[in-house]
Amino acid sequence: MGTQLVMYDEEYNRINAVCDRLTKDANAKVVFLVDKNGQLISASGQTQNIDTTSLASLTAGNVAAMGGLAKLIGENEFPNQIHEGARESLYMTIVGSRVVLVVIFESSTSLGLVRLRVKKASDELAKIFEALLKKTESPGGMASPFAEISDDDIDNLFSE
Amino acid sequence: MSFINYSSREINCKIVYYGPGLCGKTTNLQYIYNKTNPETKGKLISLSTETDRTLFFDFLPLSLGEIRGFKTRFHLYTVPGQVFYDASRKLILKGVDGVVFVADSQVERMEANMESYENLKTNLAEQGYDLAKVPSVVQYNKRDLPNAVAVEELRGVLNTRGVPEYQAVAPTGVGVFDTLKAVAKLVLTELKKGG
Ligand SMILES: Nc1nc2c(ncn2[C@@H]2O[C@H](COP(=O)(O)OP(=O)(O)OP(=O)(O)O)[C@@H](O)[C@H]2O)c(=O)[nH]1
Ligand SMILES: [Mg+2]
Chain Z
0 MGTQLVMYDE EYNRINAVCD RLTKDANAKV VFLVDKNGQL ISASGQTQNI DTTSLASLTA
60 GNVAAMGGLA KLIGENEFPN QIHEGARESL YMTIVGSRVV LVVIFESSTS LGLVRLRVKK
120 ASDELAKIFE ALLKKTESPG GMASPFAEIS DDDIDNLFSE
Chain D
0 MSFINYSSRE INCKIVYYGP GLCGKTTNLQ YIYNKTNPET KGKLISLSTE TDRTLFFDFL
60 PLSLGEIRGF KTRFHLYTVP GQVFYDASRK LILKGVDGVV FVADSQVERM EANMESYENL
120 KTNLAEQGYD LAKVPSVVQY NKRDLPNAVA VEELRGVLNT RGVPEYQAVA PTGVGVFDTL
180 KAVAKLVLTE LKKGG
């Protein structure tokens, strides 16, 4: 069933640092990172008024649909997408085939700047995710916290 | 595919409601949404047509509480049941951790049920999943209707594997939470094994 996405402190901190820096460098309002199945990995910037869970799921839906379209015309995928709104714009880029980096910025911000900074950040992120995948696949990887759960633990979740 | 974050101590799982057009998948999510506490749920997102048919998916994030210090979150999705939306169904199945097959109990929908069930197997197989190995449950919905087929007959074609099954009337909630709990349990049990 493919490799499960697992996140550890070390990589998580590095990923958050890259996203925080990108928010500043690209003059972005929000930067977030979503896995292609729609799970939010990281969010930086002014996230207070944004429903990040919905955003993550719709981003994944969008990327999946565009990926399907790409295949229909013989492309592997569309690695970058830009959506320009009257006030806010959105830039999406696929990082290392498993995650999507999304940048929301004011339409007055230069798209050229955003592209440039996104490129740099996405290269860094790709490396971190590669390392993460190696770690997850290595046999000495951390044991799942779920290996030890009991049927009672599961039942308790549903006890109300 | 579940996502375990050791840093924020969260685990996210994806559950997909599958089944023929109009069988009641969206109604299941709407009922769950209406009956859960605001603090445990996110927004219900429905990408649907003018006539309320699912166009791409419905999405509902739910938090179930903690297990051993890890917050467990379930992302519920429905697929569009209409036959011609097959490309979208394939996309939504990606990374699935658990499946609810919702059957329409009405006699005139038996063929549609069987077709959708085969379609589920085919689409899972395309992604390297085997339905027999994916945590799944079956829901026989629309039990309130006079033309509902006997459960034995439905079981004979849709649940020869003998997975947990529930009778339901989704608009009033009969069987809705039983179905959800059963699939969530299977998914967590699978995680336990897989760890
Ligand atoms: N009588 C009765 N009606 C039901 C039941 N469940 C759903 N319905 C009705 O059936 C219709 C279709 O339900 P939906 O939940 O939209 O069906 P769906 O499976 O999401 O359909 P698609 O989005 O096209 O795949 C709605 O009018 C529901 O109110 C049930 O148990 N009994
Ligand atoms: Mg629907």
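From first to last, the protein sequence lines stand for chains Z and D.
Residue numbers for the first sequence follow numbering that gives the first Met the number 0, beginning at 0 and rising by one.
Residue numbers for the second sequence follow numbering that gives the first Met the number 0, beginning at 0 and rising by one.
Beta carbons: idealized from backbone N, C-alpha and C, even for Gly.
Across the region 37–52 of chain D and the region 147–158 of chain Z, are there enough close Cβ pairs to call them in contact, namely three or more that are closer than 8 Å?
no
Would you please state the rounded distance, in angstroms, between the beta carbons of D:P19 and D:D103? I believe it to be under 8 Å.
6 Å
So, does the CB of D:Y5 fall closer than 7 Å to a CB anywhere in chain Z?
Under the Cβ distance rule, D:Y5 counts among the residues neighbouring chain Z, one pair being separated by less than 7 Å.
Which stretch, first to last residue, makes up the beta strand (DSSP E) that contains D:Q166?
164–166
I'd like to know if Z:F145 contacts chain D, where contact means its C-beta is closer than 7 Å to some C-beta of that chain.
At a cut-off of 7 Å, the C-beta of Z:F145 has a neighbouring C-beta in chain D.
Show which residues of chain D have a CB atom less than 8 Å away from the CB atom of Z:D152.
I66, R67
Using a Cβ-Cβ cut-off of 7 Å (strictly less than) and excluding sequence neighbours within five positions of D:D177, which residues of its own chain qualify?
Y165
Does the beta carbon of D:K24 fall short of 6 Å from some heavy atom of ligand 2?
yes
In angstroms with no decimal places, state the Cα-to-Cα distance between D:G64 and D:A131.
Separation of D:G64 and D:A131 (C-alpha to C-alpha, rounded to the nearest whole angstrom) is 28 Å.
Return the first residue and the last residue of the alpha helix (DSSP H) that D:F69 is part of.
Premise fails: D:F69 lies in the beta strand (DSSP E), 69–77, not in any alpha helix (DSSP H).
With respect to the beta strand (DSSP E) encompassing Z:N155, which residues constitute its N-terminal and C-terminal limits?
Note, Z:N155: premise wrong, no beta strand (DSSP E); alpha helix (DSSP H) at 150–156.
Consult DSSP for Z:Q45 and reduce its assignment to one of helix, strand or coil.
coil
Under a three-way DSSP split, which group does Z:E74 fall into?
coil
Could you give the distance in angstroms between the alpha-carbon of D:K13 and the alpha-carbon of Z:V101?
Rounded to whole angstroms, the separation of the alpha carbons of Z:V101 and D:K13 is 21 Å.
Going by DSSP, what residue range makes up the beta strand (DSSP E) through D:F58?
53–66
Can you find a C-beta in chain Z that's less than 7 Å from the C-beta of D:K184?
yes
Is D:T188 near ligand 2, in the sense that its beta carbon is under 6 Å from a heavy atom of that ligand?
no
What residues in its chain sit with their C-beta under 8 Å from that of Z:Q45, if we drop five residues either side in the sequence?
Here the set comprises K28, V29.
CB-CB under 7 Å to D:V106, same chain, minus the five flanking residues each way: which ones, in chain order?
N146, V148
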